[in-house]
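So in this note's numbering, spot 128 of the sequence shown is number 1463, and the numbers just go up one at a time.
Just so you know, even glycine gets a beta-carbon here, dropped at the ideal spot from N, CA and C.
Here the structure is laid out as structure tokens; the discussion comes afterwards.
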Amino acid sequence: MSHPFLVPLTVTATGKLRGEKGRTPQIQSGTHWYVLSDAGTELSAEFEAVLQREAASRPDIGIFYVDHRFRSGEVPDLRPEFDLTMLLAYDYIGLPIAVHANVLAKLHADAILHGPAFSYALLLQAVRAGIPIGRIAQLLATREKRYPQVPREDRQRVIKDWLGQDHVRFELKPGIPSYALQLRRIEELPPVTLCIPTRQGRTPGDDSAKESRPFITGLLETIARLDYPMDRLRVIVGDDLADGSAYADKPWPFELTRVVTPPSARRTVQLCKEDEPALAIEPDRADRADER
């Protein structure tokens, strides 16, 4: 059975799908798209043409959402680009959404079990299935008022189901705004030790980058900006010069340890820690490599 490119469906307040004349539709795979809207939302005349263009130019996207205008002429409701962290915090996408037929056929049976949170569950299930979600930055829907978010308690249940067995590793609790949620890890992140061999000294005759800042300084600055608890991070730097003032005297947010091995004394240096596997570094190889 062939379908038009765009098949409109209504999502009821209880999360049911309804087609023409209020009938329950039969969701079928194919190359067509379903547009899911709540009652009272009006799609613009160019919705289908814009969706065709976007689907052709972005074939990886399985679900599109659009910006909204209001009949009262208020400031339009513009959606941000897709952001999973933001979606977990609150239901900022809402309806309408355009869903590829293959995606809806695959996901709707499980999503519909979440009742009023159907559209929210559909989005998170798409993320779990690796289906990209994209925004069409155009005013293609007209509403009477702002889309009502799925209630926070319903979203909590959806997120817990989405996390599966991993939900025991997270704490899900209300955010600062009354409608928001925050998801935090329960367990602490493990301690990490980074071992970095470096060479500040230059080989005879090498006058390049005499005035340049050592690479190790920039590397440590990059590590300091990582999104990782600095109190769980230790950095061991193997250097060939006793003078480490280029980086060692700075107040780093992590623990920094220097191991100095003069060139004349270099052989094979082992950096190890009790109860941890040893890391063998061969400075003779490093001697033949330029400072990165």
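| Check | Outcome |
| --- | --- |
| Should G1350 go down as buried or exposed, given a rule of 16 or more other Cβ atoms within 10 Å for buried? | buried |
| What number of angstroms, rounded off, separates the C-alpha of A1348 from the C-alpha of D1426? | 15 Å |
| Once DSSP output is grouped into helix, strand and coil, what is the label at G1465? | coil |
| Whose C-beta lies closer than 6 Å to the C-beta of H1502 among residues of the same chain, with five residues either side of it excluded? | K1495 |
| Spatial neighbours of V1385 within its chain, please: C-beta separation below 7 Å, excluding the five flanking residues on both sides. | I1471, Q1473 and L1475 |
| Going by DSSP, which residues form a beta bridge with E1377? | T1477 |
| On the three-state DSSP scale, how would you describe D1402? | strand |
| Ignoring anything shorter than 3 residues, give me the beta strand (DSSP E) runs that lie fully in the segment 1490-1560, in order along the chain. | 1505-1509, 1516-1520 and 1527-1532 |
| Alpha carbon to alpha carbon, how far is D1395 from E1355? Give it in angstroms, no decimals. | 29 Å |
| Would you say D1445 touches the ligand PLP, meaning its beta carbon is less than 7 Å from a heavy atom? | You won't find the ligand PLP in this model; it holds no ligand whatsoever. |
| Just curious, the beta strand (DSSP E) that R1393 is in, first and last residue? | Here R1393 belongs to no beta strand (DSSP E), and DSSP marks it neither H nor E. |
| For R1560 and P1588, what's the separation of their Cα atoms in angstroms? | 9 Å |
| What is the DSSP secondary structure of T1349, reduced to helix, strand or coil? | coil |
| Let's test the definition: count the other Cβ atoms within 10 Å of the Cβ of L1413 and tell me whether it reaches 16, buried, or not, exposed. | exposed |
| Ignore the nearest five residues each way along the sequence and tell me which others in G1499's own chain have a CB closer than 6 Å to its CB. | none |
| Run through DSSP, which three-state label would S1454 get? | helix |
| Cβ atoms of H1367 and P1343: under 8 Å apart, would you say? | no |
| Under 8 Å, do F1533 and I1571 count as touching if we go by C-beta distance? | The sequence as given places Thr at residue 1533; Phe does not occur at that position. No, Cβ-Cβ distance for T1533 and I1571 is not below 8 Å. |
| Let me know the secondary structure DSSP gives T1359 once reduced to three states. | coil |
| Considering only the alpha carbon of each residue, which of G1510, A1391 and A1581 lies closest to L1423? | G1510 |
| When the Cα atoms are used, what is the spatial distance from V1346 to Y1400? | 15 Å |
| Can you grab the Cα-Cα spacing for the pair R1492 / F1382, in whole Å? | 33 Å |
| At which residues does the beta strand (DSSP E) containing H1435 begin and terminate? | I1432 to H1435 |
| Counting along the chain, where does the beta strand (DSSP E) carrying L1568 start and finish? | L1568 to D1574 |
| Using 8 Å as the cut-off, can you tell me whether the segment 1357-1375 makes contact with the segment 1431-1448, which would need three or more C-beta pairs spanning the two stretches below that distance? | yes |
| Taking only the alpha-carbon atoms, compute the straight-line gap between D1373 and L1341 and give it to the nearest angstrom. | 16 Å |
| From V1390 to G1579, what distance separates their C-alpha atoms? | The sequence shown places Ala at residue 1390, not Val. If I take the Cα positions, the gap works out to 56 Å. |
| Rounded to the nearest angstrom, how far is the Cβ of Y1455 from that of V1485, given a contact under 8 Å? | 5 Å |
| Take N1437 and list the residues in its own chain whose beta-carbon comes closer than 6 Å to its own, dropping the five residues that flank it on each side. | S1364 |
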